[in-house]
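Per my numbering, the sequence shown starts with residue 194, numbered consecutively. C-beta atoms are modelled at their ideal positions from N, C-alpha and C, and glycine is treated no differently. Written out below as structure tokens is the structure these notes cover.
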Amino acid sequence: MNNNIFIKCQQQALTSDHAGVLKLDDGRVLLTADGFTAVVIPQKYLMLDVSRFVCLSKTVLDGIDKVPELKLTCDCKYTTPNKIIRRLKLDSDKSVYVNDKYIKFFGTGVSYKGDEWRVFVYEKSTDELIGLILPIRLKED
């Protein structure tokens, strides 16, 4: 995992009014700066005193081992205000959309698992959780 992601997320959290943290059982920390995406940061890379941030609920990780794999597609949509969203497809006919900038934030070498409420990001080489993205719900036409 790229250490720049750890640094960038912590920098964003310093200036955010929406920062939150969840301490994981393995000693790592799930940190969000904006409430829409979160990064799992190992303790050795943590440079902030996270006790000053809002504590997130552990329910966000409920059922993490039961969610299906998602396939990243090339299907993009433009929404207002100038936001690009990408479709992640479930094995069934269902799909979820996430902001494309979050896909780019985590970069390559990742896989996705999730449902219509949350998308977990895993490092492909280790199958280790590295992040979380909240999907965008589209209005039906």
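Between TYR305 and LEU265 the beta-carbon gap is near 6 Å, inside 8 Å, which marks them as a contact. Classified as exposed, TYR271 has fewer than 16 neighbouring CB atoms from the shown chains inside 10 Å of its CB.
Three or more beta-carbon pairs separated by less than 8 Å are not found between the stretch 274-287 and the stretch 228-244, which leaves the two stretches without contact.
Runs of alpha helix (DSSP H) with 4 or more residues, each lying fully within the stretch 260-297, are absent. The Cβ atoms of LEU217 and LEU223 lie closer than 8 Å to each other. The three-state secondary structure of LEU239, taken from DSSP, is coil. Look at ALA231 here: in three-state DSSP terms it is strand. With contact defined as three or more Cβ pairs closer than 8 Å, the stretch 202-220 and the stretch 313-320 are not in contact. CYS267 sits exposed, since fewer than 16 C-beta atoms from the chains shown fall within 10 Å of its C-beta.
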